[in-house]
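Written below as structure tokens is the structure these notes are about.
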Amino acid sequence: MHLGLIAALVFSVSIQTPADEPIARMSDWMAAVERHKPGTADAPARLIGAWSRAELRDFQSDLTFLLGVVEAVNGLPPRKRPMLRPSRPRPRPVVSAIRGLAKELAQRCDWNQFLKRAALLHADIAMLVPLERSSVQTPSLQADPPSPQADPLRRRRASSSGRIIVETEDGVALDIEYGTLHWDIGRTTLESAARDPARDETVQAWYRATTAYLENEEQFAYAVPHLNAGLHLLPGDARLLFYAGALHEAFASPSVQAASRALESRPNLKSEVGSVEAELELAERFFRQTLAADPRFAEARLRLGRVLGLRGRHEEAANELRRSIPQLGDTQLVYYAELFLGHEEAALRRRDGAREHFERAATLYPRAQSPRLALGLLARAYGDRPGAVRSVKEVFALPPQEDEREDPWWEYHKAHVRNTDALLDELRLPFLKGSKP
Amino acid sequence: MNLRAPVGLALLLAASGDPIEAQRATFSAKTEAVRVDVLVTDNGRPLLGLMPADFELLDNGVAQQIDHASFEQIPLNVILTLDMSDSVAGERLDDLRSAGRSLLGALKKDEHAALITFSHVVTLGSELTTDFDRVRAGIEAAEPTGGTGLVDASFASIMLGESDVERSLVLVFSDGLDTASWLAPDAVLDVARRSDAVVYGITAGRLRRGDFLRDLSELTGGRLYEVESTADLGPVFVGVLEEFRHRYLLSYSPNGVSKDGWHRLEVRVKRRGATVKARPGYLAGS
């Protein structure tokens, strides 16, 4: 089981790179979008994935220009989108060439279908194509390579305006690099594809699957802007609201707080992670919005219960947890509910109730240490030293090897996205069949 | 909709082990004695040879008659609790293993040692034993992986200490903050308040006020060592053992104080310049 905690935190930076062959790049991109097989790191994906960050920046600018031209050609109302300046003025022949490509594209293919395929391509690059530092090893960046040995945080911060991703593990900053731009490009193309995103199944599926992926991989730095954009398009989407709640719940966790704290001593770097209190408040708000959108969303109720407990509202927490249990229908989720409910009962000084729920959790997962430690602590809190020692000895009697243990608590902050692969398959399937989603 | 929003509510962390009425603690067969582990130093050096009459002990402000002041007479139970999370790898692991071996080499034959290693998984490397080779083998076999379940492991270690009547030194090494425990820090600190075990925390790096290992060390009358480099761990481990051996174990039967609740302890020595370190209090009936 992987428990190395990677918290990616975002900071502002800027880069400057020369533009390079925009016409050829645009042609390559169009071909890649049409030829890419979703769900694979195929040649088209690797080709675009190998572009440098500077090339991607210029491409983003050219893409924005192209989208505007196609909308005009198709007689569509122009979309409001931020106009990205190219790194240097776009020469007139380049402008004419992009116009030509745009017109040719508009006549040749289903524009919406093309843009959706583009969103899938860029998501696949971000998810499947190894970064290979391709987006950071630009000429300007090679002079200042990300290198943890040389205090990279200190060296990096002066350079720019955009994003820096800090990777941390077990609360320690490991590495630093510029974030990939493929998620931004994917969002730009997808948002241009749908006139009514709230009713567009591809938009919904894309945001749900990719957000699940980002949270499952603990790529928090990307998940925040992703969810912001997703909820802007789909404000009442219960699944996205749930993911937003779970993200903030994870931000309040000791592992992310420790990672964020590890960066506090770095001047001019600011973590996006708020205090425990602030993150829990946001989590509660999003879980409540989830339940308002879908009152039968039992997993959201389970998490709301936990968050309320962490905020000291134990009776309210216990009520939500109790309500969730009959609707959960999944052993792992019921385990969480029993564990959390035991905790709330203990906080409410209802010893028997606490013991009962901890014991149920222990029965569901006989090789889990958390309920046994909880039973030990409960016994010790009530002066039952032999009982406490007995429970702890049960923990010691569990198999010593990690892979022989099974405690879902260790996966709690990723449990809500355990169906990521299925969501991604669901997103890609219509494109693989060749149908028009 | 923006995920960032103004916020300002306070968090109340749930503590699952609230102080409650509990059965009386007993430290001998018939009397309700209280034991207090005390370190007395003068200019940083342990002050040796003190007798019960040299101490003043106030229990909730009421002076108590000290029955015994034992010194280096009671065999120790040393519980080594070592962080084996992902961040303890490479050189750190070598240093940690070497420090563990040094500590075991400094133990007396009639003393006991146990090993608990932790990542997110709490593992018993060795029960309390006089077979130090077994503990050594446990240290060598442990491999770093996963997150840091410091709070869970600390609780398990205190309970292992409480499983035996001897005097327990819990030596906890961690190179970071907790990232994986189920148990709430406040609840485990509450248990530590009730325990006789003395915890010495050793950490690579700096901890803040309010960090769990700092609080745990202070609450149990132990001490926190913050080392700059894990290369220094060996002398620190052995130093902790030496310091613990130089502690006095005071024993008294509470008189004129309530039989339950939190008891504030003040221990003084009738010597000018002497510094006393002891647990700040105990919870009666636990």
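Sequences listed follow chains A and B, in order.
Numbering follows the numbering used here, with no gaps: position 433 of the first sequence is 433.
For any residue, its number in the numbering used here is found by taking its place in the second sequence, counting from 1, and adding 1000.
Positions of the beta carbon are idealized from the N, C-alpha and C atoms, including for glycine.
Only a predicted model underlies this, so the values are computations on that prediction, with no experimental measurement involved.
For the pair arginine 322 of chain A and leucine 1096 of chain B, the Cα-to-Cα distance works out to about 45 Å.
When the alpha-carbon of lysine 1277 of chain B is set against those of B:Gly1256, B:Asn1255 and B:Leu1250, the nearest one is in B:Leu1250. Contacts between alanine 258 of chain A and chain B, judged by CB atoms closer than 9 Å, involve Thr1148, Gly1176, Leu1177, Asp1178 and Thr1179 in chain order. Rounded to the nearest angstrom, the gap between the Cα atoms of alanine 1033 of chain B and isoleucine 1066 of chain B is 10 Å. With contact defined as three or more Cβ pairs closer than 8 Å, the stretch 1119-1126 of chain B and the stretch 392-405 of chain A are in contact.
Under a criterion of Cβ atoms nearer than 7 Å, the residues of chain B adjacent to proline 400 of chain A are, in order, Thr1123. When 7 Å is used as the limit between beta carbons, serine 1163 of chain B is near these residues of chain A: Val389, in chain order.
Residues of chain A whose Cβ lies closer than 7 Å to the Cβ of alanine 1192 of chain B do not exist; the shortest such Cβ separation is about 10 Å. Residue environment for threonine 363 of chain A: exposed (fewer than 16 other C-beta atoms within 10 angstroms of its C-beta).
The CB of phenylalanine 287 of chain A never comes closer than 9 Å to any CB in chain B; the least such distance is about 13 Å.
For a Cβ distance threshold of 9 Å, nothing in chain A lies close to leucine 1207 of chain B: the least Cβ distance comes to about 11 Å. If you draw a 10 Å sphere on the C-beta of arginine 108 of chain A, you find fewer than 16 other C-beta atoms in it, and that means exposed. The shortest CA-to-CA distance from glycine 1161 of chain B to any of B:Gly1044, B:Leu1213 and B:Asn1077 is the one to B:Asn1077.
By DSSP's assignment, arginine 313 of chain A forms no beta bridge with any residue.
Not one beta carbon of chain B lies nearer than 8 Å to the beta carbon of phenylalanine 431 of chain A. DSSP, reduced to helix, strand and coil, places leucine 398 of chain A outside both helices and strands of the structure shown, so it counts as coil. The C-beta of aspartate 1133 of chain B has fewer than 16 other C-beta atoms within 10 Å across all chains shown, which makes the residue exposed. Sequence-distant Cβ neighbours of isoleucine 1074 of chain B in its own chain, meaning closer than 7 Å and more than five residues away, are Glu1166, Arg1167 and Leu1249.
Taking 8 Å as the cut-off between beta carbons, the residues of the stretch 218-249 of chain A near chain B are Val224, Leu227, Asn228, Leu231, His232, Pro235, Ala244, Leu247 and His248, in sequence order. Taking C-alpha positions only, isoleucine 125 of chain A is separated from histidine 226 of chain A by approximately 16 Å. Within chain A, not a single residue places a beta-carbon under 7 Å from that of alanine 1137 of chain B; the smallest gap is close to 13 Å.
For isoleucine 1079 of chain B, the secondary structure class from DSSP, reduced to helix, strand or coil, is strand.
Per DSSP, the unbroken beta strand (DSSP E) holding valine 1038 of chain B starts and ends at 1034-1042. Within the same chain, and ignoring the five residues on either side of isoleucine 23 of chain A in sequence, the residues whose Cβ sits closer than 8 Å to its Cβ are Val94, Ala97, Ile98 and Leu101. Bridge pairing for histidine 1120 of chain B: absent [DSSP]. Positions of the beta strand (DSSP E) runs, each at least 3 residues long and wholly inside the stretch 167-216 of chain A, are given as 172-178 in order along the chain. Looking at the DSSP output, threonine 1129 of chain B shares a beta bridge with B:Ala1113. In the three-state scheme derived from DSSP, where H, G and I count as helix and E and B as strand, arginine 1136 of chain B is classed as helix. Counting along the chain, histidine 343 of chain A sits inside the alpha helix (DSSP H) bounded by residues 331-347. For proline 254 of chain A against aspartate 1178 of chain B, the beta-carbon gap comes to about 5 Å, under 8 Å, which counts as contact.
Residue-level contact by beta carbon fails for tryptophan 29 of chain A and chain B, as no gap is shorter than 8 Å. Under a criterion of Cβ atoms nearer than 7 Å, the residues of chain B adjacent to serine 370 of chain A are, in order, Trp1182. By the Cβ criterion, the stretch 414-432 of chain A is in contact with the stretch 109-124 of chain A, since at least three pairs of Cβ atoms, one from each stretch, lie closer than 8 Å. Contact of aspartate 1152 of chain B with chain A by beta-carbon distance below 9 Å involves Gln369, Ser370, Leu373 and Val395. Secondary-structure assignment with DSSP links glutamate 284 of chain A through no beta bridge to anything. For threonine 1275 of chain B, there is no enclosing alpha helix (DSSP H); the residue is found in the beta strand (DSSP E) stretching over 1274-1278.
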